[in-house]
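Notes follow once the structure below has been shown.
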Amino acid sequence: MNTLTTLNNIIIACRKCPRLVKWREEVARTKRKAYIDHEYWGKPVPGFGDPQARVLVVGLAPGAHGSNRTGRQFTGDASGGFLYPALHRAGFANQAQAESRSDGLILKDMYITASARCAPPDNKPSTEELNRCQPYLEKEIQILEPKVIVCLGRIAFERILKIYSIRNSAWKFSHGAVYQLITDHWLLCSYHPSRQNTQTGKLTVKMFDDIWVKAKELIRDE
Ligand code: SF4
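Structure follows, in C-alpha cells:
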C-alpha cells in the first residue's frame, strides 16, 4: 500500500462492512428513478485529486445516489454542487461542475477523501464501520503528508483527532476553528456542505469561501 493508486485499488475491492456492502449494492441495483438509466458505481469510493496535494479534505461518507452512483468523491449530488464551485472560486479546481468521473474535473494541490468509503443508510456509518475504514484514511495521510487537513463536519474532525491521538478537550469542532496537528501541519474545521446545512443557511457561500481562503493562508504560512 505505498502509492495512492495501489491504495485506491485496495479500497475499491473492500468488503469488510457487511451492512454497508449490502446497502451500497442494493442502492446500486434499485436506483433512484431520476437515474434509472445510470450504471451505479456501487463500490467503496476512493480518494480523488492531486497526488502532490498539500490540502487534504475529509468528508463523511458517499451519498447513496451521489458518489455511490458516480464513483467519485462529492460527485453528482447537492453537497458536491456546493463544494466544487467553492473550490473552483478558490483555485483548487479547474471547473465548478462535478457530474461524473469523466467530466474533466482536475484538482490542484488538493485531495478529497472520506471518513467511510461506502454509502451508509441514513448517511450514518456506525462507529465500528468508521473504525474499520480508518486505516485507509491513515494511509492517505501517511502518503500525502498534507500541510492542511480540512474536516467537513464533526465526524471527520473526530476521526482526525483519533488518528493523531489527540485527547485535548480544548479541541472542539466549530466552523472556522484551526488547530495545529504537528509543527506546520494544521487542522481546519468546516461545516459539511450537506443540503441540510446549505439550505438552512447554517453554511453560507461566504462562510464556505472563507474556509478555502484560510486553507490557502495556512499553506502560504508554512
Ligand atoms: S466502509 Fe470502508 S472498511 Fe467498510 S466496507 Fe467500505 S471501504 Fe471497507
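For the sequence shown, the working numbering gives the first residue as 999, with consecutive numbering after it.
By construction, the Cβ of each residue, glycine as well, lies at the ideal position given by its N, Cα and C atoms.
Just so you know, these numbers come straight off a predicted model, no measurement behind them.
Counting along the chain, S1188 sits inside the beta strand (DSSP E) bounded by residues H1183 to S1188. The shortest C-alpha to C-alpha distance from Y1038 to any of R1022, S1124 and V1053 is the one to R1022. Annotated three-state conformation of G1047 is strand, per DSSP.
At least one heavy atom of ligand 1 is found less than 7 angstroms from the C-beta of L1018.
When T1196, Y1134 and A1076 are compared, the shortest CA-CA separation from N1007 is found for Y1134. Per DSSP, A1076 is one residue of the alpha helix (DSSP H) stretching across A1076 to A1088. Looking at the backbone, the Cα of L1159 and that of A1175 are separated by about 14 angstroms. Around the beta-carbon of I1104, fewer than 16 other beta-carbon atoms lie within 10 Å, marking it exposed. T1111: not part of any alpha helix (DSSP H); member of the beta strand (DSSP E) spanning M1108 to A1112, first to last residue. Classified as exposed, V1211 has fewer than 16 neighbouring CB atoms from the shown chains inside 10 Å of its CB. Sequence-distant Cβ neighbours of N1066 in its own chain, meaning closer than 8 angstroms and more than five residues away, are R1022, V1025, A1026, Y1038, W1039, G1040, V1043, P1060, C1116 and A1117.
Looking at the backbone, the Cα of T1202 and that of R1087 are separated by about 14 angstroms. For the pair Q1071 and I1110, the CB atoms are nearer than the 8 angstroms cut-off. Per DSSP, Q1197 lies in no beta strand (DSSP E); the unbroken alpha helix (DSSP H) holding it starts and ends at R1193 to Q1197.
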